[in-house]
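In our numbering, the protein residues as written are 3 to 292.
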Amino acid sequence: MLLRDFLKRCTQALEALYPASEARSVALWLCREKLGVESYTHIVNPSEEIPEYMLPELEDDVRRLVRSEPLQYVLGSAPFCGRKFKVGPGVLIPRPETELLVEMVLEAARLSGPGTRILDLCTGSGCIAWTLALEIPGSEIVAVDISEEALTFARCQFSSQFSNQFSGQGPVFVNADILSESPAIPGGNFDFIVSNPPYVMEKEKTEMRKNVLDYEPSLALFVPDDNPLLYYRAIARISKSLLKPGGEGIVEINEALGEETAELFSAAGFKNVQIIDDLSGRKRMARFQK
Ligand SMILES: C[S@@+](CC[C@H](N)C(=O)[O-])C[C@H]1O[C@@H](n2cnc3c(N)ncnc32)[C@H](O)[C@@H]1O
Numbered sequence: 003m004l005l006r007d008f009l010k011r012c013t014q015a016l017e018a019l020y021p022a023s024e025a026r027s028v029a030l031w032l033c034r035e036k037l038g039v040e041s042y043t044h045i046v047n048p049s050e051e052i053p054e055y056m057l058p059e060l061e062d063d064v065r066r067l068v069r070s071e072p073l074q075y076v077l078g079s080a081p082f083c084g085r086k087f088k089v090g091p092g093v094l095i096p097r098p099e100t101e102l103l104v105e106m107v108l109e110a111a112r113l114s115g116p117g118t119r120i121l122d123l124c125t126g127s128g129c130i131a132w133t134l135a136l137e138i139p140g141s142e143i144v145a146v147d148i149s150e151e152a153l154t155f156a157r158c159q160f161s162s163q164f165s166n167q168f169s170g171q172g173p174v175f176v177n178a179d180i181l182s183e184s185p186a187i188p189g190g191n192f193d194f195i196v197s198n199p200p201y202v203m204e205k206e207k208t209e210m211r212k213n214v215l216d217y218e219p220s221l222a223l224f225v226p227d228d229n230p231l232l233y234y235r236a237i238a239r240i241s242k243s244l245l246k247p248g249g250e251g252i253v254e255i256n257e258a259l260g261e262e263t264a265e266l267f268s269a270a271g272f273k274n275v276q277i278i279d280d281l282s283g284r285k286r287m288a289r290f291q292k
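Okay, here's the thing in structure tokens:
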């Protein structure tokens, strides 16, 4: 089958779920990853053929996509901060907005010198923990999640590809419930505590897409409408005991709850509490200092 004919069929099938331009982007992304072609190959080479042996797999991929399964689960990977992370059912797909959190930590860590100690709460795929470990040579990173499924993904990221490139130790991944009274988190005296915890209110489900609601783990996303900041209360409690004096917390937040989140960290006794907007003016991060 010609590549351009497959792209057309795939795009048309996906237009039942996505706006036309997004359907086309998903089809192009699938072909780029599975066939190694560029997004313009079918234009510059209209006679480009898809190898016969790839067709059954691609047809199966399209069937999964049409059932609203996220493309990243179909591909088994998602990009984050310039690297590919393994993902699949049971683990949250890393979001581009979380890259801002990593950039902020990297910038702050550059000033903090060698041997930076970082705790990543609610690590999921480990995308934050691994990126920081790979970008800050000599750093010591502990990463925590309650989901063993997520931790299985987190532990195996980069175990083979990066074994030569990565000079230090990888993050230490630990199963713990951060909402419990005294979560079993090893170590202390951290320079930074970072987190992208669950923060979507149940009532916000109505604005979310089927591919998220039906496939991504609810445990990673939702908080009760009547207690939407419960994870931030836990982060404040853990930061009080595990951040070193002067250490910083940097967390992703629900943009609708910026003020409330800032008040929570101020009331818990932290200094220099700031809410940070992303480039489109949305309240995306909170930062605080012990
Ligand atoms: C929004 S996801 C973030 C995943 C990853 N850090 C990222 O940015 O893509 C939140 C994560 O919190 C974990 N989680 C939920 N409740 C938890 C708890 N009580 N203790 C520890 N982790 C928890 C979920 O399993 C999920 O992996």
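The beta-carbon is built from N, C-alpha and C at its ideal position, and this holds for glycine as well.
- [ ] State the DSSP-derived secondary structure class of P334, mapped to helix, strand or coil.
- [x] Lying before the first or after the last residue shown, residue 334 is absent from the chain, which here runs from 3 to 292.
TODO: Provide the residue(s) that pair with A288 in DSSP beta bridges, ordered along the chain.
DONE: Position 286 of the sequence shown holds residue 288. A288 is bridged to V253 and I277.
TODO: With DSSP collapsed to three states, give me the class of E151.
DONE: Start at 1 with the first residue of the sequence shown, and residue 151 comes out as number 149. In this structure, E151 counts as helix in the three-state DSSP scheme.
Task: Contiguous beta strand (DSSP E) assignments of at least 3 residues, all confined to the region 200-256 - done: 245-254
Task: Rounded straight-line distance, which links the Cα of R284 to that of Y201 - done: Numbered from 1 along the sequence shown, position 199 holds the residue referred to as residue 201. Numbered from 1 along the sequence shown, position 282 holds the residue referred to as residue 284. Looking at the two C-alpha atoms, the distance is approximately 15 Å.
Task: Three-state secondary structure (DSSP) of M45 - done: Your numbering for residue 45 matches position 43 in the sequence shown. A quick correction: the sequence has Ile, not Met, at residue 45. Looking at I45 - three-state DSSP - the assignment turns out to be helix.
Task: Residue-level contact to chain C via CB, E254, 8 Å cutoff - done: Within the model displayed, chain C is absent; a lone protein chain is all it includes.
Open item on the list: According to DSSP, simplified to helix, strand and coil, what is V39?
Closed with: Position 37 of the sequence shown, counted from the first residue, corresponds to residue 39. In this structure, V39 counts as coil in the three-state DSSP scheme.
Open item on the list: Quick check: does the Cβ of A152 come within less than 7 Å of any heavy atom belonging to ligand 1?
Closed with: Numbered from 1 along the sequence shown, position 150 holds the residue referred to as residue 152. Because some heavy atom of ligand 1 lies under 7 Å away, the Cβ of A152 counts as near it: yes.
TODO: Indicate the three-state DSSP secondary structure (helix, strand or coil) for Y93 in the structure shown.
DONE: Position 91 of the sequence shown, counted from the first residue, corresponds to residue 93. Contrary to the premise, residue 93 reads as Val rather than Tyr in this sequence. Three-state DSSP puts V93 in coil, outside helix and strand.
Task: A111 versus L245 - alpha carbon distance - done: On the sequence shown, residue 111 is found 109 positions in, with the first residue counted as 1. On the sequence shown, residue 245 is found 243 positions in, with the first residue counted as 1. Cα to Cα, the separation comes out at about 14 Å.
Open item on the list: Could you check whether I195 and I237 sit closer than 8 Å to each other, using their CB atoms as the reference points?
Closed with: Position 235 of the sequence shown holds residue 237. Position 193 of the sequence shown holds residue 195. Closer than 8 Å, so yes.
Open item on the list: Considering just the uninterrupted stretch of the alpha helix (DSSP H) at D193, what are its terminal residues?
Closed with: Counting from one through the sequence shown, the residue named residue 193 turns up at place 191. Counting along the chain, D193 falls outside any alpha helix (DSSP H), though it belongs to the beta strand (DSSP E) covering F192 to S197.
Open item on the list: Could you compute how far the alpha carbon of N166 sits from the alpha carbon of K205?
Closed with: Here residue 166 is taken as the residue at index 164 of the sequence shown, counted from 1. Here residue 205 is taken as the residue at index 203 of the sequence shown, counted from 1. Residue placement at N166 is flagged as unreliable, the pLDDT there being 49, under the threshold of 50; the coordinate-derived value follows with that caveat. Near 46 Å, if we compare the C-alpha coordinates of K205 and N166.
Open item on the list: Considering only DSSP beta bridges, list what V176 is partnered with.
Closed with: Here residue 176 refers to the residue found at position 174 when the sequence shown is read from its first residue. DSSP output for V176 lists V146 as bridge partner(s).
Open item on the list: Looking at L73: is its Cβ nearer than 8 Å to the Cβ of L32?
Closed with: For the purposes of this step, residue 73 is taken as residue 71 along the sequence shown, with counting starting at 1. For the purposes of this step, residue 32 is taken as residue 30 along the sequence shown, with counting starting at 1. Yes.
Task: Proximity below 8 Å, CB of V146 to CB of T133 - done: For the purposes of this step, residue 146 is taken as the residue at position 144 of the sequence shown. For the purposes of this step, residue 133 is taken as the residue at position 131 of the sequence shown. Going by C-beta atoms, V146 is not nearer than 8 Å to T133.
Task: Integer Cβ distance of F155 from K88, believed to fall under 8 Å - done: Your numbering for residue 155 matches position 153 in the sequence shown. Your numbering for residue 88 matches position 86 in the sequence shown. Sure, about 6 Å apart at Cβ, within 8 Å.
- [ ] Examine ligand 1 and report whether any of its heavy atoms sits within less than 7 Å of the Cβ of G126.
- [x] Within the sequence shown, the letter at position 124 stands for residue 126. Yes, the beta carbon of G126 sits closer than 7 Å to at least one heavy atom of ligand 1.
- [ ] Could you tell me if the beta carbon of S149 falls within a distance shorter than 7 Å of some heavy atom in ligand 2?
- [x] Of the ligands one can find in the structure shown, namely ligand 1, none is ligand 2.
Task: Residue from V28, D280 and S243 with nearest C-alpha to G260 - done: Taking the first residue of the sequence shown as position 1, residue 260 is located at position 258. Comparing Cα-Cα distances from G260 to each of V28, D280 and S243, the minimum goes to D280.
Open item on the list: Out of G90, T118, E24 and E151, which one is the CA nearest neighbour of A135?
Closed with: Walking along the sequence shown from the start, residue 135 turns up at place 133. Comparing Cα-Cα distances from A135 to each of G90, T118, E24 and E151, the minimum goes to T118.
Open item on the list: Within 10 Å of its beta-carbon, does L181 have 16 or more other beta-carbons around it, so buried, or fewer, so exposed?
Closed with: For this step, residue 181 is matched to residue 179 along the sequence shown. So L181 counts as exposed.
- [ ] In the DSSP assignment, find the alpha helix (DSSP H) that holds F267 and state where it starts and stops.
- [x] Here the question's residue 267 lines up with position 265 in the sequence shown. Per DSSP, F267 belongs to the alpha helix (DSSP H) from G260 to A269.
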